[in-house]
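Residues in the sequence shown are numbered from 512 upward in steps of one, following this note's numbering. Ideal Cβ placement from N, Cα and C applies to all residues, glycine included. Read the structure below first, then the notes.
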Amino acid sequence: MSIKEIQDEIIDEFSMFDDWDERFQYVIDLGKNLPLIDEKFKTDENTIKGCQSKVWLNGEKTDDKIVFTADSDAIITKGIIAILIRVFSNQKPADILEANTDFIDEIGLKSHLSPTRANGLVSMIKQIKMYALAYQSQN
Numbered sequence: 512m513s514i515k516e517i518q519d520e521i522i523d524e525f526s527m528f529d530d531w532d533e534r535f536q537y538v539i540d541l542g543k544n545l546p547l548i549d550e551k552f553k554t555d556e557n558t559i560k561g562c563q564s565k566v567w568l569n570g571e572k573t574d575d576k577i578v579f580t581a582d583s584d585a586i587i588t589k590g591i592i593a594i595l596i597r598v599f600s601n602q603k604p605a606d607i608l609e610a611n612t613d614f615i616d617e618i619g620l621k622s623h624l625s626p627t628r629a630n631g632l633v634s635m636i637k638q639i640k641m642y643a644l645a646y647q648s649q650n
């Protein structure tokens, strides 16, 4: 599935909820279903800078795609990184770099986050794109 198709799927899922309490509960549920990151990747090197809570992100290239794993010590943040991993994991580096993140605005997520969480979201996306850039340059 392409990045755009996954983003459209997420937009559809969020449109099913009437209010932001329900949407935040959905984000929390997504975080609860996030596959656990291997403890060996919970290092300072894999910590995303700019996040209020601890967020660990690891990306490994498998074949020609990047597989991301992540975790956070905060339930909302864990849900946010779960959404991003769903969109960008198992994608080619070039596709990750070319992808826009307008779907975040379309579901209204960024506008419903505190300024520090919104900054953390931007930092997460930046880190995902940095992995893509690093792996793309290895080709």
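Give me, in chain order, the residues of the same chain whose beta-carbon lies closer than 6 Å to that of residue i; leave out the 5 immediate sequence neighbours on both sides.
{"i": "Asp582", "result": "Ile548 and Trp567"}
{"i": "Ile607", "result": "Phe599 and Ala643"}
{"i": "Trp531", "result": "His623"}
{"i": "Cys562", "result": "Gly631 and Ser634"}
{"i": "Gly570", "result": "Ile577, Phe579 and Tyr642"}
With which residues is residue i paired in a DSSP beta bridge?
{"i": "Lys576", "result": "Thr573"}
{"i": "Thr558", "result": "Trp567"}
{"i": "Asp582", "result": "Trp567"}
My guess is that residue i and residue j are in contact by the Cβ rule of under 8 Å, so how many angstroms apart are they, rounded?
{"i": "Met641", "j": "Ile559", "result": "Not quite, the Cβ-Cβ distance comes to about 10 Å (not below 8 Å), so this is no contact."}
{"i": "Phe614", "j": "Gln536", "result": "About 19 Å; that fails the 8 Å criterion."}
{"i": "Asn544", "j": "Val578", "result": "Not a contact, Cβ separation roughly 17 Å."}
{"i": "Ile522", "j": "Ala610", "result": "In fact, because the Cβ distance is near 14 Å, the residues do not count as touching under 8 Å."}
{"i": "Pro546", "j": "Thr588", "result": "That pair is no contact at about 16 Å."}
In whole angstroms, give me the CA-to-CA distance for residue i and residue j.
{"i": "Phe552", "j": "Lys565", "result": "13 Å"}
{"i": "Met512", "j": "Asp555", "result": "32 Å"}
{"i": "Asp616", "j": "Glu520", "result": "14 Å"}
{"i": "Ile586", "j": "Gln638", "result": "20 Å"}
{"i": "Gly590", "j": "Lys572", "result": "23 Å"}
{"i": "Glu524", "j": "Ala645", "result": "32 Å"}
{"i": "Ile618", "j": "Asp584", "result": "24 Å"}
Considering only residues of the same chain and omitting the five flanking positions on each side of residue i, which have a CB-CB separation below 8 Å?
{"i": "Gln647", "result": "Pro604, Ala605 and Leu608"}
**Item:** Length at least 3, wholly inside the segment 595-643: the beta strand (DSSP E) runs in chain order
**Value:** none
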